[in-house]
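For the sequence shown, our numbering gives the first residue as 11, with consecutive numbering after it. Think of the CB as a built atom: it goes at the ideal place given N, C-alpha and C, for glycine as much as any other residue. Since we're looking at a predicted model, the values are computed, not measured.
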Amino acid sequence: MTASLKYLAAYSDDTRHQVQALLNQNRLGDVLKKRYPNAHDVRNDRTLYHYVQGLKDEFLRNAAPIDKVLFDSKLHVINNALGLHTSISRVQGGKLKAKHEIRVATMFRECPLEFLRMIAVHELAHLKEKNHDKAFYKLCTYMEPHYHQYEFDVRLYLTELEHSGTKLW
Numbered sequence: 011m012t013a014s015l016k017y018l019a020a021y022s023d024d025t026r027h028q029v030q031a032l033l034n035q036n037r038l039g040d041v042l043k044k045r046y047p048n049a050h051d052v053r054n055d056r057t058l059y060h061y062v063q064g065l066k067d068e069f070l071r072n073a074a075p076i077d078k079v080l081f082d083s084k085l086h087v088i089n090n091a092l093g094l095h096t097s098i099s100r101v102q103g104g105k106l107k108a109k110h111e112i113r114v115a116t117m118f119r120e121c122p123l124e125f126l127r128m129i130a131v132h133e134l135a136h137l138k139e140k141n142h143d144k145a146f147y148k149l150c151t152y153m154e155p156h157y158h159q160y161e162f163d164v165r166l167y168l169t170e171l172e173h174s175g176t177k178l179w
């Protein structure tokens, strides 16, 4: 049985073959659970806001303020949206003001803290860097040195979730 590895399309054939082997042996979920045994305790929008604001205060003190952070059930991982950063510009008086919102897919309400951190860091990086370029990923790894590993592991989790249909946390 060959699973869809759409979340791993950009990775090497060797990496995809290793993941496929784990899927065929029904071991990918076990590997992830061993690496990340516990889910985080950020369960509501208020706690999420404080968590993301803490990261912003630590790494991006001079960046634009964040007006709203929330879990969003309308974000669909299938459409490549783990999280979303939006900037809404409005005219107030004679000035143009931007409001920044960060939304995280609700499915990440129950996941390891590392996964939530990777998504939060990614969306925070958009406060400074709009495009997914070298500067963007440099900022992500500044805020979270293991960013690329966590991103890969989130992709593994999405692959396992699609394959088994069962949440791990």
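Exercise for the section: Inspect the CB distances between the segment 140 to 148 and the segment 104 to 123 and report whether three or more fall short of 8 angstroms. Expected result: Contact fails: fewer than three Cβ-Cβ distances are below 8 angstroms.
Practice task
Just list the alpha helix (DSSP H) runs in the segment 124 to 158, keeping only unbroken ones of 4 residues or longer that don't cross its boundaries, in chain order.
Solution key: Qualifying alpha helix (DSSP H) stretches, in chain order: 144 to 153.
Exercise for the section: State yes or no: is the C-beta of L65 within less than 7 angstroms of the C-beta of A130? Expected result: L65 places its beta carbon less than 7 angstroms from that of A130.
Problem - Close beta carbons around M128, own chain, < 7 angstroms, minus the five adjacent residues each side - result: By the criterion of a C-beta distance shorter than 7 angstroms, M128 is surrounded in its chain by E154, Y157, Y160, E161 and V164, once the five residues flanking it on both sides are discounted.
Practice task
For K78, I'd like the list of residues in its chain whose CB is within less than 7 angstroms of its CB, leaving aside the five on either flank, ordered along the chain.
Solution key: These residues qualify, in order along the chain: E111.
Exercise for the section: Taking only the alpha-carbon atoms, compute the straight-line gap between A135 and Y61 and give it to the nearest angstrom. Expected result: Looking at the two C-alpha atoms, the distance is approximately 15 angstroms.
Exercise for the section: Give every residue of the same chain whose Cβ lies closer than 6 angstroms to the Cβ of E170, excluding the five residues on either side of it in the sequence, and list them in chain order. Expected result: Hits under 6 angstroms: L38 and G39.
Exercise for the section: Measure the C-alpha to C-alpha separation of L207 and C150 and round it to an integer number of angstroms. Expected result: Given that the chain is displayed from residue 11 to residue 179, the structure contains no residue 207 and the question cannot be resolved.
Handout entry: Residue from L42, N34, S22 and T25 with nearest C-alpha to Y167
Key = Nearest option by C-alpha distance: L42.
Practice task
State the Cα-Cα distance for the pair N48 and W179, rounded to the nearest angstrom.
Solution key: Near 7 angstroms, if we compare the C-alpha coordinates of W179 and N48.
Handout entry: Exposure label - L137; buried when at least 16 CB within 10 Å
Key = L137 is buried by the Cβ-count criterion.
Handout entry: Distance between Q35 and N72 (C-alpha atoms, nearest Å)
Key = Distance from the CA of N72 to the CA of Q35, rounded to the nearest whole angstrom, comes to 48 angstroms.
Practice task
Determine the direct distance from the alpha carbon of L123 to that of K44, and round the result to whole angstroms.
Solution key: Their Cα atoms are separated by approximately 14 angstroms.
Problem - Beta carbon of H173 nearer than 7 angstroms to that of L85 - result: No.
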